[in-house]
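According to UniProt numbering, the residues represented by the sequence shown are 1 to 286, in order.
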Amino acid sequence: MTENTTTVPATIDLQDLGTVHRLGFGAMRIVGEGVWGEPADRENAGRVLRRAVELGVDFIDTADAYGPDVSERLIAEALHPYPAGLRIATKVGFARTGPGRWIPLGRPEYLRQQTELSLRKLRVDALDLLQLHRIDPQVPAEEQFGTLRELQQEGKVRALGLSQVTVEQLVAAQDHFTVATVQNRYNLADRSSQDVLDHAAGHGIGFIPWAPISAGEPARPGGPVAAAAERLGATTSQIALAWLLRRSPVMMPIPGTASLEHLEENMGAAGVHLDDATYEELTAAG
């Protein structure tokens with residue numbers, strides 16, 4: 001008897017951006033340790049980026065703060081002129097003062113300055129997707145949202161998104177512009193943003209879960225993630241990603257890595273199909 005398996009769509013149609021594959025690539029880890037400075041091996045970073053595109057990735061997520069500035073430059077060096085259909089998302093709204101240090105900075109002039117710099121580093125006339133990396137609590141949110149709207153109206157940005165927000169903040173932003181994506185922490189072990197995911201699903205907003213492979217206690221040896229991986233001939237990372245892809249049709253995991261081996265492993269998650277019983281077991285365990 002064939003086990004019941006829900007069909008998982010491979011693509012999503014994003015507002016103001018078009019259709020992309022739901023499994024993308026996050027370009028945070030191609031820079032130096034602490035998300036700071038140049039990578040130990042620039043040539044390897046380029047190989048990873050090019051291989052991601054060869055494997056069918058058409059959505060790459062980066063940020064001006066990754067390096068800072070390094071990730072965007074590496075993407076342009078490796079991939080420009082960009083293949084048809086490739087969308088590159090970036091983010092503004094953090095200042096960096098050292099490895100592991102992140103300071104929200106949402107003053108309108110800073111957001112505008114960093115957007116202009118991202119245009120130059122990525123070598124494009126318009127950014128495919130610009131996301132507010134964090135809402136700066138020291139600056140009125142409506143000023144930050146208004147600046148993003150102006151940048152879109154000026155043709156410098158095609159689509160707009162948010163990162164690590166509440167439902168209330170997401171709704172407030174929707175009064176200023178069409179929100180194409182929201183990027184919050186979400187994985188098997190951390191579903192604290194379930195309400196944001198539900199709102200995104202109800203409004204056709206792509207949900208980009210960061211730290212997507214983290215699975216916590218369920219991933220322990222002998223646990224349900226490991227058991228599912230053994231049963232399906234997959235890795236635990238692939239199971240965690242497959243669960244996310246099935247969790248919601250608006251889910252867009254962007255696992256990041258500086259390793260070609262891990263890249264190919266992560267992309268293989270698109271071919272892992274969880275039967276209904278396995279999906280329910282993982283959901284309950286998380």
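Note that CB positions come from ideal geometry on N, CA and C, so glycine has one too.
(request) With DSSP as the reference, label Ile30 as helix, strand or coil. (result) coil
(request) Keeping to the same chain, check which residues put their C-beta closer than 7 Å to that of Asp128; ignore five residues upstream and five downstream. (result) Leu17, Arg87, Ile88, Ala89, Arg158 and Ala159
(request) Note down, one range per segment and in chain order, each beta strand (DSSP E) of at least 3 residues found wholly within the segment 83-146. (result) List check, beta strand (DSSP E) in window: 87-92, 94-98, 101-104 and 127-132.
(message) Using a Cβ-Cβ cutoff of less than 7 Å, which residues in the same chain neighbour Gln152 once the five nearest sequence positions on both sides are dropped?
(response) Here the set comprises Leu160 and Phe177.
(message) As a quick exercise: from Ile205, Val165 and Gln174, pick the residue whose alpha carbon is nearest that of Ser192.
(response) Val165
(message) Considering only the alpha carbon of each residue, which of Arg120, Trp102, Gln238 and Leu117 lies closest to Ile135?
(response) Trp102
(message) Can you confirm whether the segment 68-85 touches the segment 171-188 when touching is taken to mean that 3 or more C-beta pairs between the two stretches lie within less than 8 Å?
(response) no
(request) Use the C-beta contact count for Pro39: other C-beta atoms within 10 angstroms, 16 or more gives buried, fewer gives exposed. (result) buried
(message) Report the CB separation of residue 293 from Ala95 in whole angstroms; it is logged as a contact under 8 Å.
(response) Examination of residue 293 is not possible in this model, given that the chain is present from 1 through 286 alone.
(request) Starting from Gln183, follow its DSSP beta bridges and name the residues at the other end. (result) Under DSSP, Gln183 takes part in a beta bridge, and its partners are Ser163 and Ile208.
(message) Could you compute how far the alpha carbon of His273 sits from the alpha carbon of Tyr186?
(response) 20 Å
(request) Kindly confirm or deny that the segment 113-122 and the segment 64-73 touch, where touching means at least three C-beta pairs closer than 8 Å. (result) yes
(message) Can you confirm whether the segment 19-38 touches the segment 249-265 when touching is taken to mean that 3 or more C-beta pairs between the two stretches lie within less than 8 Å?
(response) yes
(request) Please classify His21: does DSSP put it in a helix, a strand, or coil? (result) Here DSSP, grouped into helix, strand and coil, assigns His21 to strand.
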